[in-house]
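Have a look at the structure below, then the notes.
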Amino acid sequence: MSLIKDAVNFLLPANCSVCGRFPDADGKLPYEVPSDFHICFDCLSKLIPHPEERRFFTCMSEPYKGDPIPGLLLYIPYPYKGFFEKAVPQIKFRGHSELASFVGMMLGNIMAKDGITADLVVPVPLAPSRQKERGFNQADLIAREASRIIDVPYSEDVLVRTRDTLRQTEITGSAQRGLNVHGAFKVSDDFVADGLTVLVVDDVSTTGNTLHEAAMALYEAGAKKVLCCAASGNRAVLNAESI
Ligand SMILES: [Zn+2]
């Protein structure tokens, strides 16, 4: 069996899931992790987290008056540049779901190192029409793998979208983005969130509006505490650079 596998690998060398590069002649370039995922050393070297003391932020990039959860925390361990800038479009627009699981693995590892824990991990749900089009929800794959590593129960059904929204990246202006996702989530009717600490996970955060709305729905359903997490975010980079 391994002979057949070796022959297939020889004929069809695995290419990097992030940049698409094929191995060098000596075959050493792609670093293979379990499953069908491959990554080259160049892409792996660009997977650099924020410094330890710069991974927690206020969820909203532009806090607004009357925010019912003004101190909501957002954990962003990686900047949206380098590895993530290339990887996220590969996941969203090229169907590389295995790359989302790899991101979840990296997220889970750094969460474990930073002592992030909760009673339950949930993903930000994708609009049904977009999930149908893409075939998977990248936040689901990322959160699922991360929860396995930090050993916290996981549920993909807790948060549901109440309506379709536009892509946040298609909208300019913080206020407009806030309106786009306002009231877009609810907790499913048969779920009791009373007293739970819930970790809600997304792939990327920019203004924090989406995670903020998701957290609001969890608090309304009785959650004791909500911690937001985005695997990557540019806003964190800007904040870090402004210091
Ligand atoms: Zn690569």
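Residue numbers (the working numbering): 104 to 346. Ideal Cβ placement from N, Cα and C applies to all residues, glycine included.
- In terms of CA proximity to A221, V304 leads the group Q193, V304, G198, G238.
- Residues of the same chain with a CB within less than 8 Å of the CB of P171, apart from the 5 flanking positions on each side, are M319, Y322 in chain order.
- Three or more beta-carbon pairs separated by less than 8 Å are not found between the stretch 144 to 154 and the stretch 228 to 235, which leaves the two stretches without contact.
- Closest in C-alpha terms to F160, from the list L177, D145, S258, G169, comes L177.
- Looking at the backbone, the Cα of S308 and that of G325 are separated by about 24 Å.
- Taken through DSSP and simplified to helix, strand or coil, V261 comes out as coil.
- Per the DSSP secondary-structure output, D305 pairs in a beta bridge with A333.
- Under the three-state reduction of DSSP, Y322 is assigned to helix.
- Residues of the same chain with a CB within less than 7 Å of the CB of L244, apart from the 5 flanking positions on each side, are S200, A203, S204, G207 in chain order.
- DSSP places F288 in the uninterrupted beta strand (DSSP E) bounded by 288 to 290.
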